[in-house]
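What follows is a single structure, written as structure tokens, with notes after it.
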């Protein structure tokens, strides 16, 4: 496993991390993701640690807290071998009154004395950023969290938070957990250059485009009966069908050339993108996990990356569009990809 620095911090994280959203299976959304119990989670953790995948990501809203509980139980006796990342803020926002007891509750569910990386699950526009960051500073000073990050922030929300942290000497967000895939490249328009400039590493969620880049969805064929998209498509980022098929066609060809699977190719493409610190993968079965682990240890060629770039390209909306054109705009602000 390759290890990378998480943003502008000293924390080394594996290029692939495990998303524990498949643990628990409570509620209509998360039951469609998976229903791994404690015994199954222990086996998943066994495989992950053996492969060097030492970072496990969860959230307080995953299966109403059951994901954190199962992850904590699966890591009992080997907590020091792992990094725990979790998220909170969707239930009740990120005020001091919510954050401090929220972290205490997460620590209890996870059966640990510290959270290695705490990420705010969304920006709370009803709470001053100074209140949120001051509370996070107290939690860091108390040793209950070690690093802080954001998730699903817009560019201005992230930059406002970083500026306030710098102004007051509070911990900066070193990670941004964001959606990014071959069928969802909006991250590149603003969040990627921000991350590169400010030292915020991407923790990529849904690298397979909300389950669309598994190789099971094909042009001219109905959605497979076993696809979780039947139940979850409306909850995730939308994708134009023709664009999806164009990307899958390109992935098909490159998978044949590399003798890899379509998911492995799609994840490897992400691992070569600027600012990406770790790609979060989920798995309902041991076989899925082992297959996804095959995305590391090799690299697509520059020519193959270019073909995937071309197949997945989309014209961005204003104000990002001018920077994609040749001429003065592009010369002033060269794109990273």
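Residue numbers (my numbering): 9 to 345. Glycine residues also receive a C-beta, built at the ideal position from the N, C-alpha and C atoms.
- Judged by beta-carbon spacing, residue 132 lies beyond the 8 angstroms limit of residue 178, meaning their Cβ atoms are not closer than that value.
- Residues of the same chain with a CB within less than 7 angstroms of the CB of residue 151, apart from the 5 flanking positions on each side, are 122 in chain order.
- Here residue 223 has 270 as same chain residues with Cβ atoms under 6 angstroms from its own Cβ, once five neighbours each way along the sequence are excluded.
- DSSP, reduced to helix, strand and coil, places residue 176 within a helical segment of the structure shown.
- Between the alpha carbons of residue 274 and residue 193 lies a distance of about 12 angstroms.
- For residue 126, the three-state secondary structure derived from DSSP is strand.
- If you look at residue 116, you'll find it in the alpha helix (DSSP H) that goes 104 to 118.
- Cβ contact annotation for residue 111 (same chain, cutoff 8 angstroms, sequence separation greater than five): 96, 123, 126, 147, 152 and 153, in chain order.
- One alpha carbon belongs to residue 18, the other to residue 210, and they sit about 15 angstroms apart.
- Contact fails between the segment 313 to 332 and the segment 77 to 86, because fewer than three Cβ pairs, one in each stretch, are under 8 angstroms apart.
- Around the C-beta of residue 281, 16 or more other C-beta atoms lie within 10 Å, and the residue is accordingly described as buried.
- Looking at the DSSP output, residue 65 shares a beta bridge with 27 and 93.
- Judged by DSSP secondary structure, residue 209 falls outside any alpha helix (DSSP H) and instead within the beta strand (DSSP E) spanning 209 to 213.
- Apart from the 5 residues on each side of it in sequence, residue 315 sits with its Cβ closer than 6 angstroms to the Cβ of 258 in its chain, given in chain order.
- For residue 41 and residue 337, the gap between their C-alpha atoms comes out near 43 angstroms.
- In terms of Cβ geometry, residue 24 and residue 183 do not form a close pair [threshold 8 angstroms].
- Secondary structure of residue 134 (DSSP, three-state): coil.
- In the three-state DSSP reduction, residue 224 falls in the coil class, being neither helix nor strand.
- By the CB criterion at 8 angstroms, residue 104 and residue 143 fall inside the cutoff.
- In this structure, the straight-line span from the alpha carbon of residue 137 to that of residue 170 is close to 10 angstroms.
- The shortest C-alpha to C-alpha distance from residue 120 to any of 174, 109, 92 and 343 is the one to 92.
- It is roughly 30 angstroms from the alpha-carbon of residue 246 to the alpha-carbon of residue 79.
- Judged by DSSP secondary structure, residue 185 falls outside any alpha helix (DSSP H) and instead within the beta strand (DSSP E) spanning 181 to 187.
- Here residue 286 carries a strand assignment [DSSP, helix/strand/coil].
- For the options 207, 189 and 249, the alpha carbon positioned closest to that of residue 272 is the one of 189.
- Assignment of beta-bridge partners to residue 155 by DSSP yields 125.
- The segment 278 to 298 makes contact with the segment 24 to 35: 3 or more CB pairs, one atom from each, lie closer than 8 angstroms.
- One alpha carbon belongs to residue 44, the other to residue 53, and they sit about 12 angstroms apart.
- For residue 155, the closest of 20, 304 and 187 by C-alpha to C-alpha distance is 20.
- In summary, residue 305 is exposed, with fewer than 16 beta-carbon neighbours lying within 10 Å of its beta-carbon over all protein chains present.
- Separation of the CB atoms of residue 68 and residue 114 is rounded to 6 angstroms, and the pair is thereby assigned contact status at 8 angstroms.
- Secondary structure in the segment 269 to 325: the beta strand (DSSP E) runs of 3 residues or longer, each lying completely within the stretch, are 284 to 289 in chain order.
- Residue environment: residue 9 is assigned as exposed (fewer than 16 neighbouring CB atoms within 10 Å of its CB, all protein chains considered).
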